[in-house]
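Protein chains: 2
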Amino acid sequence: MTSVHFEKVALIGIGLIGSSLARAMRENKLADTLVACARKEETRKTALDLGIVDEAFENPADAVRDADLVILCTPVSTYGPLAETFGKHLKAGAIVTDVGSVKQSVVNDVKPHLPDSVDFVPGHPIAGTEQSGPEAGFASLFVNRWCILTPTAEASDTALNRIRSLWEACGSMVEIMTPERHDKVLAVTSHLPHLIAYTIVGTATDLEEDDQADVIKFSASGFRDFTRIAASDPVMWRDVFLTNRDAVLEILQRFTEDLTALQRAIRRSEGDTLQDLFTRTREIRRGIVDAHQAGTFDPREPEVIEETTDKDVS
Amino acid sequence: MTSVHFEKVALIGIGLIGSSLARAMRENKLADTLVACARKEETRKTALDLGIVDEAFENPADAVRDADLVILCTPVSTYGPLAETFGKHLKAGAIVTDVGSVKQSVVNDVKPHLPDSVDFVPGHPIAGTEQSGPEAGFASLFVNRWCILTPTAEASDTALNRIRSLWEACGSMVEIMTPERHDKVLAVTSHLPHLIAYTIVGTATDLEEDDQADVIKFSASGFRDFTRIAASDPVMWRDVFLTNRDAVLEILQRFTEDLTALQRAIRRSEGDTLQDLFTRTREIRRGIVDAHQAGTFDPREPEVIEETTDKDVS
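For the protein sequence lines, the chains are A and B, in the order given. Just add 4 to wherever you are in the first sequence, counting from 1, and you've got the working numbering. Just add 4 to wherever you are in the second sequence, counting from 1, and you've got the working numbering.
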């Protein structure tokens, strides 16, 4: 691991991810000075009271002044206006990065506002909880988690290596790919699962009151796993679907076709079709468990699933 | 808790659930004699080697002889033929129950084969893991989990109370409802989530090889939760969808309509529609967390979800 150090780091947004990064950077002594930018006074006060940053500003232009690293930690729809506000106040030679869940739109929105003397290295840590706000963060959030970097062609190797080292110092494993590739992969692994989870939980909220009470009561039979995902931050996820629209609609289309085929198999009582699919899907799980055992996964993964009442006459 | 005791219990099927019940009954001294019925010699040998049953039979008629309790623990599609085979060998006054994930079809398939002198009290423990087979069971599987009983109108109160006490002695909380109600509630909380999880994992298995490798690598971003569910026993789940077809197709129809509306909102960039839904779904999660804190849920529920990279500028 390369040792990495910054004189002044500006965190634009200090919610779960921003405050976790602040804590991780403090703990690993990665920065001399840490400052935050937050719209609400209450958030700035909380961040200062928690002692995770040295200063907190309302205006992003004030926050980025003299910073050699600026990290965008707000919902991605705010990136463009923010970059427009602070772009011309950036120090020459500064690096700008982010933690957004989509990458192509981020490049499109932010890059035009940055001076040529600044390196832009977009990033996405695959880590989080369903909590929000500066109190919810913790330093170990990124340990053993992937962080994907999607550097622009103009970014220097030095800047890329410094951002890579930053994440490695926070405990992450780093992968480099193009923004297009990132958005395609995450549409499958993250955006579609969230969309489905939001939908199924939404379908349940439209049930009669009695039914809803029983759904909550017996949620351990599978439904509960979906509610966890569907409790994620609404604004962040709105932005994900609006900014990665094409990739999401493409994979959603495939999913819908597959679901329709399954619906047809159920209606026609085609047991073999169902059993074949249900057997195939076990393979993917095996691949994930193998990758996990190979040490490339978070060891905190729960081993026992809720509810499958697996029966076997064999 | 009423104390309950059986002279001889016959478990038809000794997989994850059957073997867990055997262990729980042994541990709590609920039966003098425990016997199992299994199709495969290997399974019978394993059950005997594990010491969880006293005898193991290939023929269900042999297993149920003199039993005062018979528990069906095989995939539900086998219930009818099994009941036909052992029905006339049941002891007068015996109780028959089961652990199947659907209840209406179970009543239809089993009841006609049982003599009038026998009480039928169908049941469904909401518990399980993704593992199968007699080695996978453990005595505490049912602790703090719901077990739903759907007694037929003809079943005596004594029989119902004995089955209720059996599950309570194994650590479960018991709820009584009609088979129709059970199948409707479980279609929402369990069958639809499993169908969706199988579909999304199936969609991923159809991707190009490179894409699939990345899906496995970055599965912690949401997808992994689905693979756990989609690794459940294929035969058991085939039977669930075939036997609870109408309730599953009904809720699936609602889900598909909701998903189509969401797809339309994404295509038209209707951010408010998305954010409204994503905010509503948090409520259901809150209800579940509250119920959990009220002590009606398994305390083992993992508190931290994987991957939502929640960002907050507030």
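Beta carbons: idealized from backbone N, C-alpha and C, even for Gly.
Worksheet entry | Segment contact flag, the region 133-141 of chain A with the region 97-116 of chain A, C-beta cutoff 8 Å, min 3 pairs | no
Worksheet item: If you draw a straight line from the C-alpha of B/Glu31 to the C-alpha of B/Phe142, how long is it?
Response: 10 Å
Worksheet item: A/Leu76 by DSSP, collapsed to three states: which one?
Response: strand
Item to complete: Inspect the CB distances between the region 48-57 of chain B and the region 161-172 of chain B and report whether three or more fall short of 8 Å.
Response: no
Discussion item. Just to confirm the assignment, what range does the alpha helix (DSSP H) spanning A/Asp36 have?
Written reply: Note, A/Asp36: premise wrong, no alpha helix (DSSP H); beta strand (DSSP E) at 35-41.
Fill in: Presumed contact (8 Å Cβ cut-off) between A/Val205 and A/Ser105, rounded CB distance
At roughly 19 Å, the Cβ-Cβ gap does not stay under 8 Å, so A/Val205 and A/Ser105 are not in contact.
Discussion item. Checking the sheet assignment: what are the DSSP bridge partners for A/Lys12?
Written reply: A/Thr37
Worksheet item: Would A/Val239 pass as a contact of B/Gln267 if the rule is Cβ separation under 9 Å?
Response: Contact flag unset, no.
Worksheet item: Given B/Ala269, which residues of its chain have a CB within under 7 Å of its CB, disregarding the five upstream and five downstream residues?
Response: Thr277, Leu278
Worksheet item: Alpha carbon to alpha carbon, how far is B/Arg242 from A/Phe259?
Response: 19 Å
Practice prompt. Could you tell me which of A/Pro64, A/Leu73, A/Val74, A/Val100 sits nearest to A/Pro85, measuring between CA atoms?
Written response: Here the closest residue by C-alpha is A/Pro64.
Worksheet item: Between the region 122-130 of chain B and the region 146-166 of chain B, do at least 3 Cβ pairs fall closer than 8 Å?
Response: yes
Fill in: Residues that B/Met181 bridges to, as DSSP identifies them
According to DSSP, B/Met181 shares a beta bridge with no other residue.
Worksheet item: Comparing the C-beta of A/Arg27 with each C-beta of chain B, is any distance below 9 Å?
Response: So no, A/Arg27 is outside the interface.
Worksheet item: Short check: CB of A/Phe146 to CB of A/Ser236, under 9 Å?
Response: At the C-beta level, A/Phe146 and A/Ser236 stay beyond 9 Å of one another.
Practice prompt. Rank B/Tyr202, B/Ala201, B/Glu139 by C-alpha distance to the C-alpha of B/Val57 and give the top, closest one.
Written response: The alpha carbon of B/Val57 has as its nearest neighbour, out of B/Tyr202, B/Ala201, B/Glu139, the alpha carbon of B/Glu139.
Discussion item. Does any residue of chain B have a CB that is nearer than 9 Å to the CB of A/Val252?
Written reply: Interface flag for A/Val252 against chain B is set, since a Cβ pair is found closer than 9 Å.
Discussion item. I'd like to confirm the pairing. Which residues does DSSP put opposite A/Cys174 in its beta bridges?
Written reply: Answer is none; A/Cys174 lacks a bridge partner.
Practice prompt. Anything in the region 127-144 of chain B with a Cβ closer than 9 Å to a Cβ of chain A? List those residues in chain order, please.
Written response: His128, Pro129, Ile130, Ala131, Gly132, Thr133, Glu134, Gln135, Ser136, Gly137, Pro138, Ala140
Item to complete: Only counting runs of 4 or more residues, tell me where the alpha helix (DSSP H) segments fall wholly within the region 196-228 of chain A, in order along the chain.
Response: 196-209, 213-221
Worksheet item: Which residues in chain A sit within 8 Å of B/Arg242, going by Cβ to Cβ distance?
Response: Gly275, Leu278, Gln279, Phe282
Worksheet item: Going by the CB atoms, is the gap between B/Leu94 and B/Leu118 shorter than 9 Å?
Response: yes
Discussion item. Are the CB atoms of B/Thr285 and A/Tyr83 within a distance shorter than 9 Å?
Written reply: no
Worksheet entry | Neighbourhood of B/Ala251 by C-beta, 7 Å cutoff - its chain only, sequence neighbours within 5 removed | Excluding sequence neighbours, B/Ala251 sits near Asp187, Lys188, Ala191.
Worksheet item: Can you check whether the CB of A/Ile255 is closer than 9 Å to the CB of B/Thr209?
Response: no
Worksheet item: What number of angstroms, rounded off, separates the C-alpha of A/Glu179 from the C-alpha of B/Ala87?
Response: 57 Å
Worksheet item: If you draw a straight line from the C-alpha of B/Thr101 to the C-alpha of B/Val74, how long is it?
Response: 6 Å
Worksheet item: Cβ of A/Val205 less than 9 Å from any chain B Cβ?
Response: It does; some Cβ of chain B falls within 9 Å.
Discussion item. Would you say A/Ile99 lies against chain B (beta-carbon separation less than 9 Å)?
Written reply: Between A/Ile99 and chain B, the shortest Cβ-Cβ separation is not below 9 Å.
Practice prompt. Can you grab the Cα-Cα spacing for the pair A/Asp294 / A/Thr283, in whole Å?
Written response: 17 Å
Worksheet item: How should A/Arg168 be labelled, buried or exposed, when 16 other C-beta atoms within 10 angstroms of its C-beta is the threshold for buried?
Response: buried
Discussion item. Just verifying my parser: in three-state terms, what is the DSSP assignment at B/Ala234?
Written reply: The answer is coil: DSSP assigns B/Ala234 none of H, G, I, E or B.
Worksheet item: Going by the beta-carbon positions, is the gap between B/Arg232 and A/Asp229 smaller than 9 Å?
Response: Yes, Cβ-Cβ distance for B/Arg232 and A/Asp229 is below 9 Å.
Practice prompt. Output the boundary residues of the alpha helix (DSSP H) element that contains A/Val110.
Written response: 108-114
Worksheet entry | Proximity to A/Cys151 [Cα-Cα], best of A/Pro129, A/Ala163, A/Arg166, A/Asn165 | A/Pro129
Worksheet item: What residues in the region 48-60 of chain B have a beta carbon less than 7 Å from any beta carbon of chain A?
Response: none
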